[in-house]
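Engineer: Heads up, the sequence shown is in my numbering, so the first residue is 306 and it goes up one at a time. Quick reminder that beta carbons are idealized off the backbone N, C-alpha and C, glycines included. Shown below is the structure under consideration.
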Amino acid sequence: MPADPWPLPNPGPSSGSFDLVAPDEGLGAGTGISRQVQGDVPVSDAERSPRTKRAPKEMPLRFRCVCGTCIATSEGFVDSRDDSFVFRTLHVGGGEAAGRVVCGECDQALGFRSDGLFFLRRDKIEQRAEKLEVLVCSLKLQEINDLSPVLTDIFPYSSVRERLLQKAELRGFAALPGKPDLVVVVHRNEGRALLTDRNGFYHDVLGCAYKQTRGNVLVVLTRAEPKAETDLFDKVMLRSLSTSGDQPTIGVLSGLGQVLTSCTQMSAIPFCLGKACLSVV
306 MPADPWPLPN PGPSSGSFDL VAPDEGLGAG TGISRQVQGD VPVSDAERSP
356 RTKRAPKEMP LRFRCVCGTC IATSEGFVDS RDDSFVFRTL HVGGGEAAGR
406 VVCGECDQAL GFRSDGLFFL RRDKIEQRAE KLEVLVCSLK LQEINDLSPV
456 LTDIFPYSSV RERLLQKAEL RGFAALPGKP DLVVVVHRNE GRALLTDRNG
506 FYHDVLGCAY KQTRGNVLVV LTRAEPKAET DLFDKVMLRS LSTSGDQPTI
556 GVLSGLGQVL TSCTQMSAIP FCLGKACLSV V
């Protein structure tokens, strides 16, 4: 599991909740699900506003561990040497302890820190510049059609693909097409929202998506506007689903900032994914 401030859970068995440790407080408390925290990340009120953060127009070059975790980007690049790449900053996937740089996902040693700079070994790092692949899934074609152009506008450097789900395939869902970097599951709220856990439509889809994307998953619940303009989701609704609706997983996802309950809040996606450690945000 990544050793970053906002890591995402690996899914447990499809028949139950995600296999994690319960948090002390907040949504998901007592459910057997939580995040691990390396340290507090201060977030200003401006950053919390979904209208103030947007993905960059240009795709930064990513420097990844061989396991696929982004360790640094061209935004922090300083120099290229015979045996190493030099950076002034690391991405959230990279960690540093006692002067050593390690991968937050697989714990492999990648380099060292010296004089305030990070030196990553060339033989341990691969560069990636191709477009991200975003996969949008839903049981409703209209929800896909509404969301896809919004995602294309927010992530102009990405390839947005679509997958119309069928109810008959949801239980025991095994694999998503291609190699998506991000999976967005969008559900139209038509009353009782059955999203995750035992009776949820998308529990196995989300579990599969977590495995394939290392946790880069976002749930969008339409027709459920947040009560406050700066909220990412309807807090009352999500708390009810989590604590009274036998869906603790959706409560934890909302606590991680990976649930939106309004298509009008789509500009918040880069902010959500920045906290979720999407490698280009």
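Should asparagine 450 be labelled buried (16 or more other beta-carbon atoms within 10 Å of its own) or exposed?
Structural biologist: For the purposes of this step, residue 450 is taken as the residue at position 145 of the sequence shown. When all chains shown are included, asparagine 450 counts as exposed.
Engineer: Aspartate 509 and glycine 477 - do their beta-carbons sit closer together than 7 Å?
Structural biologist: Within the sequence shown, numbered from 1, the residue matching residue 477 stands at position 172. Within the sequence shown, numbered from 1, the residue matching residue 509 stands at position 204. Yes.
Engineer: What is the DSSP secondary structure of serine 379, counted as helix, strand or coil?
Structural biologist: If you number the sequence shown from 1, residue 379 lands on position 74. Helix.
Engineer: Going by the beta-carbon positions, is the gap between arginine 405 and phenylalanine 417 smaller than 7 Å?
Structural biologist: Locating residue 405 in the sequence shown gives position 100, counting from the first residue. Locating residue 417 in the sequence shown gives position 112, counting from the first residue. Yes, the pair counts as a contact, with Cβ atoms nearer than the cut-off.
Engineer: Mind checking who histidine 492 pairs with in its DSSP beta bridge?
Structural biologist: Start at 1 with the first residue of the sequence shown, and residue 492 comes out as number 187. In the DSSP output, where bridge partners are listed per residue, histidine 492 has Leu526.
Engineer: Which value, in whole angstroms, describes the spacing of the CA atoms of phenylalanine 423 and leucine 437?
Structural biologist: In the sequence shown, counting from the first residue as 1, residue 423 sits at position 118. In the sequence shown, counting from the first residue as 1, residue 437 sits at position 132. One C-alpha to the other measures close to 25 Å.
Engineer: Reducing DSSP to helix, strand and coil, say where glycine 512 ends up.
Structural biologist: Locating residue 512 in the sequence shown gives position 207, counting from the first residue. DSSP places glycine 512 in helix when its eight states are reduced to three.
Engineer: Proline 485: which of Arg466, Gly512 and Ile459 sits nearest, CA to CA?
Structural biologist: Within the sequence shown, the letter at position 180 stands for residue 485. For proline 485, the nearest C-alpha among the options comes from Arg466.
Engineer: For glycine 483, which residues from the same chain have a beta carbon less than 8 Å from its beta carbon, with the 5 sequence-adjacent residues on both sides left out?
Structural biologist: For this step, residue 483 is matched to residue 178 along the sequence shown. Closer than 8 Å at the Cβ level, and outside the excluded window around glycine 483, lie Glu438, Leu440 and Arg466.
Engineer: Does lysine 516 pass the burial test, meaning 16 or more other C-beta atoms within 10 Å, or should it be called exposed?
Structural biologist: Mapped onto the sequence shown, residue 516 falls at position 211. So lysine 516 counts as exposed.
Engineer: Can you name the start and end residues of the alpha helix (DSSP H) that valine 441 belongs to?
Structural biologist: Here residue 441 is taken as the residue at index 136 of the sequence shown, counted from 1. Not the alpha helix (DSSP H): valine 441 falls in the beta strand (DSSP E), residues 438-443.
Engineer: Since glutamate 431 is in the beta strand (DSSP E), which residue starts that stretch and which ends it?
Structural biologist: Numbered from 1 along the sequence shown, position 126 holds the residue referred to as residue 431. First-last of the beta strand (DSSP E) with glutamate 431: 430-433.
Engineer: Throw me the rounded Cβ distance for the glycine 427 and phenylalanine 390 pair, which I believe falls under 8 Å.
Structural biologist: Translated into positions along the sequence shown, residue 427 becomes position 122. Translated into positions along the sequence shown, residue 390 becomes position 85. The residue you asked about is not glycine; residue 427 is arginine in the sequence shown. With 8 Å as the limit, arginine 427 and phenylalanine 390 qualify as a contact, their Cβ atoms being about 7 Å apart.
Engineer: If we ignore side chains and look at the alpha-carbon of each, how far apart do alanine 589 and leucine 523 end up?
Structural biologist: An answer regarding residue 589 cannot be provided, because it is not within the stretch 306 to 586 covered by the chain.
Engineer: Tell me serine 453's beta-bridge partners as DSSP assigns them.
Structural biologist: In the sequence shown, counting from the first residue as 1, residue 453 sits at position 148. DSSP, once it has assigned bridges, lists no residue as partnering serine 453.
Engineer: Taking the alpha-carbon positions, what's the leucine 546 to arginine 433 distance?
Structural biologist: As a working note, residue 546 is residue 241 in the sequence shown. As a working note, residue 433 is residue 128 in the sequence shown. C-alpha separation (whole angstroms): 39 Å.
Engineer: Report all residues from its chain with a CB closer than 7 Å to the CB of glutamate 384; omit the five preceding and five following residues, and keep chain order.
Structural biologist: Indexing the sequence shown from 1 puts residue 384 at position 79. Looking at the sequence itself, residue 384 is aspartate, so the reference to glutamate does not match. Cβ within range, chain order: Val391.
Engineer: Tell me whether glutamate 467 sits in a helix, a strand or coil according to DSSP, three-state version.
Structural biologist: The residue given as residue 467 occupies position 162 in the sequence shown. Residue state, collapsed to three classes: strand.
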